Structure formats: C-alpha cells, structure tokens
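*Asks:*
2 protein chains.
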Amino acid sequence: MDRLDFYRSLATESDQRILFFVIDGLGGLPHPETGLTELEAAATPTLDALAAAGESGLVTPVLAGVTPGSGPAHISLFGYDPLVWQVGRGVLAALGVEFDLRAGDVAARINFCSLDPEGRITDRRAGRIGDQIGAPLAERLDGISLGDSVQCSVRHVKQYRACVVFRGGGLDGRIADTDPQATGVPPLQPEALDPAATHTAALATEFIDRARELLSGEPVANGVTLRGFDSYHPFPSLCELYGLDPGAVASYPMYQGVARLVGMTIYPSKDEPDALAARVSEASRHDFVFLHYKGTDSRGEDGDYDAKVAEIESADSLLARVRDAFDVVMVTGDHSTPWSMRSHSWHPVPVLIASRHCRPHGGDGRFGESACVQGSLGHILSMDIMPLVLAHAGKLKKFGA
Amino acid sequence: MDRLDFYRSLATESDQRILFFVIDGLGGLPHPETGLTELEAAATPTLDALAAAGESGLVTPVLAGVTPGSGPAHISLFGYDPLVWQVGRGVLAALGVEFDLRAGDVAARINFCSLDPEGRITDRRAGRIGDQIGAPLAERLDGISLGDSVQCSVRHVKQYRACVVFRGGGLDGRIADTDPQATGVPPLQPEALDPAATHTAALATEFIDRARELLSGEPVANGVTLRGFDSYHPFPSLCELYGLDPGAVASYPMYQGVARLVGMTIYPSKDEPDALAARVSEASRHDFVFLHYKGTDSRGEDGDYDAKVAEIESADSLLARVRDAFDVVMVTGDHSTPWSMRSHSWHPVPVLIASRHCRPHGGDGRFGESACVQGSLGHILSMDIMPLVLAHAGKLKKFGA
Numbered sequence: 021m022d023r024l025d026f027y028r029s030l031a032t033e034s035d036q037r038i039l040f041f042v043i044d045g046l047g048g049l050p051h052p053e054t055g056l057t058e059l060e061a062a063a064t065p066t067l068d069a070l071a072a073a074g075e076s077g078l079v080t081p082v083l084a085g086v087t088p089g090s091g092p093a094h095i096s097l098f099g100y101d102p103l104v105w106q107v108g109r110g111v112l113a114a115l116g117v118e119f120d121l122r123a124g125d126v127a128a129r130i131n132f133c134s135l136d137p138e139g140r141i142t143d144r145r146a147g148r149i150g151d152q153i154g155a156p157l158a159e160r161l162d163g164i165s166l167g168d169s170v171q172c173s174v175r176h177v178k179q180y181r182a183c184v185v186f187r188g189g190g191l192d193g194r195i196a197d198t199d200p201q202a203t204g205v206p207p208l209q210p211e212a213l214d215p216a217a218t219h220t221a222a223l224a225t226e227f228i229d230r231a232r233e234l235l236s237g238e239p240v241a242n243g244v245t246l247r248g249f250d251s252y253h254p255f256p257s258l259c260e261l262y263g264l265d266p267g268a269v270a271s272y273p274m275y276q277g278v279a280r281l282v283g284m285t286i287y288p289s290k291d292e293p294d295a296l297a298a299r300v301s302e303a304s305r306h307d308f309v310f311l312h313y314k315g316t317d318s319r320g321e322d323g324d325y326d327a328k329v330a331e332i333e334s335a336d337s338l339l340a341r342v343r344d345a346f347d348v349v350m351v352t353g354d355h356s357t358p359w360s361m362r363s364h365s366w367h368p369v370p371v372l373i374a375s376r377h378c379r380p381h382g383g384d385g386r387f388g389e390s391a392c393v394q395g396s397l398g399h400i401l402s403m404d405i406m407p408l409v410l411a412h413a414g415k416l417k418k419f420g421a
Numbered sequence: 021m022d023r024l025d026f027y028r029s030l031a032t033e034s035d036q037r038i039l040f041f042v043i044d045g046l047g048g049l050p051h052p053e054t055g056l057t058e059l060e061a062a063a064t065p066t067l068d069a070l071a072a073a074g075e076s077g078l079v080t081p082v083l084a085g086v087t088p089g090s091g092p093a094h095i096s097l098f099g100y101d102p103l104v105w106q107v108g109r110g111v112l113a114a115l116g117v118e119f120d121l122r123a124g125d126v127a128a129r130i131n132f133c134s135l136d137p138e139g140r141i142t143d144r145r146a147g148r149i150g151d152q153i154g155a156p157l158a159e160r161l162d163g164i165s166l167g168d169s170v171q172c173s174v175r176h177v178k179q180y181r182a183c184v185v186f187r188g189g190g191l192d193g194r195i196a197d198t199d200p201q202a203t204g205v206p207p208l209q210p211e212a213l214d215p216a217a218t219h220t221a222a223l224a225t226e227f228i229d230r231a232r233e234l235l236s237g238e239p240v241a242n243g244v245t246l247r248g249f250d251s252y253h254p255f256p257s258l259c260e261l262y263g264l265d266p267g268a269v270a271s272y273p274m275y276q277g278v279a280r281l282v283g284m285t286i287y288p289s290k291d292e293p294d295a296l297a298a299r300v301s302e303a304s305r306h307d308f309v310f311l312h313y314k315g316t317d318s319r320g321e322d323g324d325y326d327a328k329v330a331e332i333e334s335a336d337s338l339l340a341r342v343r344d345a346f347d348v349v350m351v352t353g354d355h356s357t358p359w360s361m362r363s364h365s366w367h368p369v370p371v372l373i374a375s376r377h378c379r380p381h382g383g384d385g386r387f388g389e390s391a392c393v394q395g396s397l398g399h400i401l402s403m404d405i406m407p408l409v410l411a412h413a414g415k416l417k418k419f420g421a
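If you read the protein sequences in the order shown, they are chains A and B.
Counting from 21, one number per residue, gives the positions in the first sequence under our numbering.
Counting from 21, one number per residue, gives the positions in the second sequence under our numbering.
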C-alpha cells in the first residue's frame with residue numbers, strides 16, 4: 021500500500037491546532053573557538069522551553085547524505101516522499117507568483133541577462149536589475165505567440181527573475197537549462213532530455229528568440245536564460261489527504277509556491293518578525309499554520325556566524341509571540357545551512373514537537389544539535405514529521421483493530 | 021527482492037530457544053507529579069537486569085505517528101511488513117476460536133444486539149449477555165443454509181460476540197460494517213465496497229435475515245450486526261520462513277488468532293501469571309515461544325496509572341519465573357497504551373533483547389522509556405525485531421560471501 025494512501029486512510033478530525041514552524045537552514049556547524057553551532061550559541065529561551073517540555077530529535081532531510089534544495093526539503097517536511105513527489109523549480113516559481121497552473125503545463129524560470137553584440141553573456145543577472153525594470157520587461161514578454169495550439173504566459177517574480185508557462189497538448193518538461201553558468205559564451209539551446217520533449221524544446225527555442233527580439237533595445241536586460249523546466253502534476257492536497265485547512269505565512273515566493281502546491285491558503289508577509297506575527301494571527305482560523313522564517317538561511321549562505329545567531333534569536337522571539345494560539349507546535353529547519361559551508365548541507369536538523377502527549381527527556385535543557393542527538397524522537401526522516409505532528413494533534417485514527 | 025524472501029533465504033538452524041514476550045500496551049507517558057512513566061515507576065528487577073546485561077532501544081510500531089490495533093501491531097512484531105500483510109478483524113476472530121480457515125474464506129465478527137419491534141437497535145451489545153447465553157445462540161446460527169454453493173459457519177467468541185465464516189467460490193470480503201455505531205436506528209445493510217463483493221454482500225444480507233428469524237423469540241439478543249469483513253489470505257508461516265516450531269501462550273482469542281495466523285501452536289491460558297507460567301513450561305519443546313500479557317493494556321485503557329504499574333510488576337515477576345528456559349529473551353509491547361490517553365498510541369515502545377551476544381549499554385540500570393532513548397539498539401521499526409532476535413539466536417546465516 022502506498023505510504024500516502026496509507027496515512028490518508030487513517031486521517032480523522034480533531035479540534036487541535038498545529039503550528040508548523042520552519043526556520044530555513046536552521047542546522048549548522050560548530051564555531052572553532054567555542055565548539056558551538058549557530059543554534060547552540062543563540063539565546064533561544066522559547067525553543068529551549070518547548071524542547072524541554074516536548075520531544076526533540078534530529079531530522080534527515082530527504083535521505084542520508086542528500087543536500088536538498090528548498091523544494092524537495094519542504095515537500096518532505098509536508099509528508100510527501102521526495103523521491104516520488106518531485107517538482108521542478110519552474111513549477112515552484114509559477115506557483116509562487118500565484119499562476120493558476122493546470123495539469124500538463126510546462127513551467128520554467130527566466131533570468132534576464134546581458135548579451136554582447138555577438139550574443140555572448142556578459143552578465144548572467146543583467147546587473148541585478150530591480151523590480152521597477154524587471155516587472156515591465158516580464159509584462160512585455162507575456163503573451164508571446166507561438167502559434168494557435170500553445171499558450172505562453174510570462175510573470176515577473178523578483179528583480180531579474182521571472183517565469184514562463186507553456187500550455188497546450190502533449191507538452192513535456194524534460195528539457196535542459198539554457199544558462200551555461202558562465203559568461204563570455206552564448207546561452208545554451210533548450211535541449212530535449214527525452215525524445216518526447218522535442219516539440220516542447222522547439223517551442224522554448226522559439227520563445228527565447230522572440231524574447232530576444234522584444235528585448236533588443238534594452239540597455240542591460242537584452243536576453244533571457246531558462247532553467248528548471250518541469251511539467252506540472254498536481255499534488256494531493258493536505259485537505260484531500262488529511263482533511264486539514266492549512267494556511268501558510270511566508271515572505272518569499274518560493275515558499276509560498278511550495279505551500280500552494282500542497283493546497284495551503286497563502287498569507288504573504290513582509291520578511292520581518294512583526295509582519296510575520298501579524299499574519300500568523302490573521303491565519304488563526306486554520307487548523308494548520310505553516311510559518312516560514314528565511315533570514316537564518318540567508319545569513320548561513322553569507323557565511324556570517326554572528327548574523328545567523330542573531331536571526332535564530334529573532335526566530336525564537338517570533339515563536340514566543342505566536343505559539344500560544346496552538347495546541348501542537350513543531351519546529352525544525354528544511355535543511356542545514358552551516359555558516360562554515362556557506363551553502364545548504366546534508367547534516368540532520370534539530371526538530372522539536374510539543375503537545376500534551378509528550379515524553380519529555382531531560383537532556384541539558386537546550387535546543388541544539390548536540391542535545392538533539394539524545395532526544396526522545398531519535399533520528400527520523402523529514403517525511404515522518406507530518407504523521408508525527410498529526411498523531412500528536414489527534415488527527416490520525418487507529419490502524420486496524 | 022522482497023524483504024521476507026530475503027530473510028527467508030538467510031534462515032538456518034540452531035539449538036537456541038527464544039522467548040518473545042509481548043507486554044501489551046507497555047509504553048506509557050509520564051505522571052505529572054513524578055515525571056515517570058508507568059514502566060519507570062514500576063519495580064521491575066527482572067526487566068532491569070535483562071536490559072543491563074542485554075541491549076535496549078525504542079520500537080516504532082508500524083510507522084511514524086501510527087497508532088496500531090493489536091492485529092497489525094503483532095503482525096509487525098512477528099516480522100511481517102504491516103502495510104503488505106494486512107488482515108481484518110473477522111479473520112483474526114475466526115482464527116482466535118480455532119476455526120480452520122481456508123484461502124478465500126470470508127470472515128466477519130458478529131455482535132448480538134437488541135432490536136425493537138420496528139427493527140431499530142436498542143442495545144448494540146444485547147445487554148452484554150454472558151457466555152451461557154451467547155454460546156447456544158451462536159450454535160443456533162451455525163449452519164444456516166444459503167444454498168448449495170456456499171457454506172456458512174458460526175462460532176461463539178465471548179459473551180455477545182461471535183464470528184461467521186462464508187466458504188464458497190468467488191467470495192470477496194470488501195464489505196462495509198453493518199453496525200451503525202448508534203442506537204435508535206436499524207442495522208445497516210452489508211454494502212459491497214467493490215463491485216467484486218456484490219455477491220458476497222447479498223449472501224451476508226441473507227444470512228442476517230435468516231439469523232433474525234432464528235432469534236425472533238429471544239428476549240434480548242434478537243438481532244446481529246456484522247463487522248470486520250475480510251477475505252482470508254494465508255500468511256507464510258514462521259516455520260516456512262525461518263524453520264521455527266513456534267508456540268504461543270496467550271489468554272485472549274485475539275492474540276491466539278494472530279499467533280495462529282503465522283503458524284504457531286496455541287497454548288490457551290487463563291489470564292493470570294500462574295497459569296501463563298505453567299503454559300510456558302508446557303510449551304517448552306518449542307524453539308520459539310510467544311508469551312502475551314494482557315493486563316497492562318487493559319489498565320492503560322482504564323486510565324489507571326497505579327493499576328498499570330502493578331500489572332507491569334506482575335509481568336516482571338512472570339518473566340522471572342520463565343526466562344531461565346530460554347537462550348534469547350526479547351521483551352517489548354505491541355504498542356503504547358499511556359494511562360493519560362486511555363487508548364493505544366503511536367509512541368515508541370521500550371524493547372530489550374538479551375542473549376550471549378549483547379553489547380550492553382550502561383544507562384541508569386533501568387528499563388524504561390527515557391533510558392531506552394539511549395539504548396544500543398537505537399530506534400527501530402517493529403518489523404526489525406524478529407530478524408534481530410533470529411540473529412541473536414544464531415538462526416540467520418551470513419548474506420553473501
């Protein structure tokens with residue numbers, strides 16, 4: 021029996037409300053002078069109290085040794101096997117800007133770029149143009165006609181980023197990126213990775229050519245590259261699976277997109293604690309609230325230990341402001357972003373679950389990587405978090421008699 | 021390669037004898053005044069000594085977050101993937117009363133109930149009639165004729181409970197329960213949950229009508245409801261898989277049934293320690309003895325902390341009396357039944373394995389939920405216990421060369 025079908029068969033109602041708090045890139049690595057990770061160095065009274073009264077452990081995102089991107093990392097946290105339920109960055113980008121995707125659509129991310137007269141890339145991000153330039157450029161590309169049988173839509177995402185959606189019969193998203201990840205060379209041609217995608221790759225080539233014509237007068241953003249092609253296959257929603265009415269509070273389109281993919285109502289927020297707390301309060305009618313905090317990951321990618329510590333403390337105080345409205349609180353990261361690696365990593369991430377049905381396990385009274393090694397949740401896979409949270413909230417009934 | 025086939029391919033003989041002791045609903049939750057679970061509060065010198073000399077850990081029954089019924093919980097403990105090897109309550113009930121099921125039989129549980137003159141249920145359990153009334157009523161229903169091609173057998177189980185087995189060609193157990201779980205309404209009709217079960221559902225309807233005729237003169241038990249319909253698909257036995265000659269000492273039909281399902285010889289017992297110990301001694305020719313202790317689960321479902329503590333102590337002294345006859349001793353629960361939840365739960369269950377090949381792991385010298393978090397067995401799934409026990413008993417040979 022399929023794992024999701026199995027859990028679906030156990031879903032039942034309860035009046036318990038769940039806070040699902042994802043502190044992006046939470047896990048870290050020790051500072052050589054103190055031996056403490058970013059989380060261990062941070063003053064986190066709220067996380068510590070919840071871990072002491074609740075259960076803690078370590079979560080492996082996706083599978084042992086796998087460094088996940090934000091898409092699969094969140095998909096696993098939401099309880100979907102990330103090897104079964106894969107989704108491309110293009111689809112996530114389109115969902116993130118509220119594009120109404122339909123099954124079979126092919127989506128890709130667009131980067132505006134700068135090309136020299138010979139068509140070679142001089143800047144892969146077109147001088148990081150702002151929204152005031154990027155938005156009207158995206159609008160100019162929207163509705164490029166590729167013939168009667170295909171509909172082609174472009175939406176602006178942020179700064180130099182946009183996305184394109186192709187709609188029509190028989191499209192296939194198995195197409196390679198056109199960004200050569202280098203300057204001084206022209207963009208690559210969209211290459212079909214499967215014979216079934218040949219037609220779609222030809223449409224993408226035509227789109228790129230037409231875009232270049234429309235952008236030819238632009239001083240900086242006179243070209244585009246396409247990445248993360250993917251066909252859209254709708255996910256069974258958290259409502260279909262578990263009867264949840266989930267809301268998502270997130271500041272970045274990427275996380276709004278992955279939340280929309282699983283059927284959440286989106287409460288977009290500014291990227292700062294006051295705004296996030298206010299939006300959580302507005303989302304209070306939902307029995308499941310996904311709250312996403314971004315700053316930790318960004319500072320980890322900057323390699324800035326102290327700044328990541330400060331962001332963790334900020335996430336802790338945000339949690340203090342919102343947690344009382346919930347019966348079950350889960351906190352983890354989608355992955356580790358250790359300051360010393362300046363990137364996502366495969367390291368397991370601390371997790372805590374607090375509810376009225378916990379087996380607290382002393383430890384040292386702190387929420388951190390070392391303490392969580394001995395937590396009562398043990399070492400689990402990220403896709404196991406959702407069923408555990410549902411169980412704590414009384415939303416899974418007994419299996420068999 | 022299928023998991024069971026894999027382990028089967030490794031099975032080999034040894035003279036080691038295994039005690040497989042299941043303390044039903046063993047796992048618990050802390051008492052708010054002491055922070056100790058039922059097991060942690062109990063005086064358990066035998067369990068403590070075995071855990072100190074052996075290996076301990078925590079077992080997740082079935083899968084993360086899943087609260088199992090007794091059927092799937094035991095099936096997993098016996099080493100079968102509970103999502104692959106599912107079995108309905110009707111089949112377990114029929115096996116529990118030693119009915120000689122054959123592949124393709126459809127079994128269901130019967131509850132005698134009270135109906136008013138309009139056919140509405142006034143008591144779903146017929147006033148909880150005792151065996152002296154229930155047994156002859158079941159006998160009266162045995163052999164109801166539903167035509168030449170179908171054989172229909174009824175057996176008494178306990179009090180107001182019985183079971184029915186339909187035997188014939190093309191039967192299908194995908195039929196909904198007829199118990200409406202309410203009074204003041206008539207029983208439901210047996211509804212086919214799959215078109216293939218239409219014929220069987222019609223037979224069940226006819227059976228219920230005939231039963232009502234035969235019970236029409238009864239003062240209390242004048243109707244029946246049917247639940248837990250299931251087709252019987254024989255399991256590969258523990259003998260076929262591992263060459264074991266297993267015996268089961270259990271006081272309740274349910275556990276005798278699940279033991280029979282995997283090919284154990286049953287030693288029914290009264291539900292008290294002296295009787296159980298004597299039956300274990302009678303079962304001494306078996307190289308694998310499954311011993312089931314029920315009281316812990318019952319007191320957990322009562323929500324009675326002290327009584328569950330006392331039952332755990334009673335199980336401990338039972339273990340002291342029987343353990344010397346075995347080379348390998350495994351002790352766990354099929355699931356947790358925390359006193360504070362008054363029900364089965366998903367919480368991992370303490371487990372210990374003692375043999376001459378152990379890696380003891382200090383801990384605090386006690387067998388309990390907190391100590392087991394750090395046990396050398398780690399956190400495992402219940403279906404992994406059987407192969408571990410077989411390995412400790414020298415009954416699994418090397419894989420590959």
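Glycine residues also receive a C-beta, built at the ideal position from the N, C-alpha and C atoms.
Here the structure is a predicted model, which is why all the values come from computation and not from measurement.
Ignoring anything shorter than 3 residues or poking outside the region 303-329 of chain B, list the beta strand (DSSP E) runs there in chain order.
*Replies:* 308-313
*Asks:* Kindly identify the DSSP beta-bridge partner or partners of Tyr100 of chain A.
*Replies:* Paired residues: none, contrary to the question.
*Asks:* Go through the region 108-190 of chain B residue by residue and report every complete run of the alpha helix (DSSP H) that reaches 4 residues or more, in order.
*Replies:* 109-116 and 151-161
*Asks:* Quick check: is the beta carbon of Gly91 of chain B nearer than 8 Å to any beta carbon in chain A?
*Replies:* yes
*Asks:* Just the Cα atoms here: how many angstroms apart are Pro288 of chain A and Arg160 of chain A?
*Replies:* 26 Å
*Asks:* Given that Lys418 of chain A touches chain B, what residues does it touch there, using C-beta distances under 9 Å?
*Replies:* Val86, Thr87, Pro88, Gly89, Ser363 and His364
*Asks:* So Ser390 of chain B contacts chain A; which residues on that side make the cut at Cβ distance below 8 Å?
*Replies:* Residues of chain A passing the Cβ test: Arg379, His381, Gly382 and Ser396.
*Asks:* For Gly248 of chain B, decide whether its Cβ has a neighbour in chain A, counting only Cβ atoms nearer than 8 Å.
*Replies:* At least one beta carbon of chain A lies nearer than 8 Å to the beta carbon of Gly248 of chain B.
*Asks:* Take Leu115 of chain B and list the residues in its own chain whose beta-carbon comes closer than 6 Å to its own, dropping the five residues that flank it on each side.
*Replies:* Gly277, Arg280 and Leu281
*Asks:* Can you check DSSP and say which residues form a bridge with Ile400 of chain A?
*Replies:* A:Val79
*Asks:* Distance cutoff 8 Å, beta carbons only. Does Pro407 of chain A sit that close to anything in chain B?
*Replies:* yes
*Asks:* Distance check for Asp336 of chain B and Pro65 of chain B, CA to CA, integer angstroms please.
*Replies:* 7 Å
*Asks:* Does DSSP put Ser251 of chain A in a helix, in a strand, or in coil?
*Replies:* strand
*Asks:* Let me check understanding here. Comparing Cα to Cα, which of B:Ala146, B:Gly108, B:Val269 and B:Thr220 lies closest to Thr245 of chain B?
*Replies:* B:Ala146
*Asks:* Measuring only the C-alpha atoms, how far is Gly315 of chain A from Pro52 of chain A?
*Replies:* 23 Å
*Asks:* Near Gly110 of chain A, what residues of its chain come up, given a Cβ to Cβ distance below 7 Å and the 5 sequence neighbours on each side ignored?
*Replies:* Cβ within range, chain order: Ala127, Ala128, Arg129, Cys183, Gly248, Phe249 and Asp250.
*Asks:* Can you round the beta-carbon distance between Asp347 of chain B and Ser365 of chain B to whole angstroms, since I take them to be within the 8 Å contact cut?
*Replies:* Contact doesn't hold; Cβ gap of about 33 Å is too wide.
*Asks:* Three-state secondary structure (DSSP) at Ser301 of chain B?
*Replies:* helix
*Asks:* So what does DSSP say about Thr352 of chain B, is it helix, strand or coil?
*Replies:* If DSSP states are grouped into helix, strand and coil, Thr352 of chain B belongs with the strands.
*Asks:* Which residues of chain E have a Cβ atom closer than 7 Å to the Cβ of Arg23 of chain B, listed in chain order?
*Replies:* You won't find chain E in this structure, because its protein chains are A and B.
*Asks:* Whole angstroms is fine: what's the gap from Thr87 of chain A's alpha carbon to Lys290 of chain A's?
*Replies:* 28 Å
*Asks:* Give the straight-line distance between the Cα atoms of Ala69 of chain B and Asp322 of chain B, rounded to the nearest whole angstrom.
*Replies:* As the crow flies, the alpha-carbon of Ala69 of chain B is around 29 Å from that of Asp322 of chain B.
*Asks:* Comparing alpha-carbon positions, which option in A:Gln179, A:Ala158 and A:Tyr252 lies nearest Gly190 of chain A?
*Replies:* Of the listed residues, the one whose Cα sits closest to Gly190 of chain A is A:Tyr252.
*Asks:* In the region 34-67 of chain B, which residues sit with their C-beta less than 8 Å from some C-beta in chain A, listed in chain order?
*Replies:* Against chain A - using a Cβ distance shorter than 8 Å - the residues of the region 34-67 of chain B are Leu49, Pro50, Gly55 and Thr57.
*Asks:* Can you give me the Cβ contacts of His4 of chain A inside the same chain, cut-off strictly under 6 Å, excluding the 5 residues immediately before and after it?
*Replies:* Since the first residue shown for chain A is 21 and the last is 421, residue 4 of chain A is missing from the structure and cannot be characterised.
*Asks:* To which residues of the same chain is Thr285 of chain B closer than 6 Å at the C-beta, ignoring the five residues directly before and after it?
*Replies:* Gly267
*Asks:* Determine, using beta-carbon pairs with one atom in the region 353-372 of chain B and one in the region 78-94 of chain B, whether at least three such pairs fall under 8 Å.
*Replies:* yes
*Asks:* Please list the segments of the alpha helix (DSSP H) lying wholly inside the region 27-85 of chain B, counting only runs of 4 or more residues, in order along the chain.
*Replies:* 58-61 and 65-73
*Asks:* I need the straight-line Cα distance from Ala216 of chain B to Ala224 of chain B, nearest angstrom please.
*Replies:* 14 Å
*Asks:* Against chain A, which members of the region 107-132 of chain B pass a CB distance test of less than 7 Å?
*Replies:* Arg109
*Asks:* Taking buried to mean at least 16 other C-beta atoms within 10 Å of its own C-beta, is Ala84 of chain A buried or exposed?
*Replies:* Ala84 of chain A should be labelled exposed.
*Asks:* Label His377 of chain B either buried or exposed according to how many other C-beta atoms from any shown protein chain fall within 10 Å of its C-beta, with 16 as the threshold for buried.
*Replies:* exposed
*Asks:* Can you tell me whether Asp197 of chain A is buried or exposed, with buried defined as 16 or more other CB within 10 angstroms of its CB?
*Replies:* Answer is buried; the Cβ neighbour count reaches 16.
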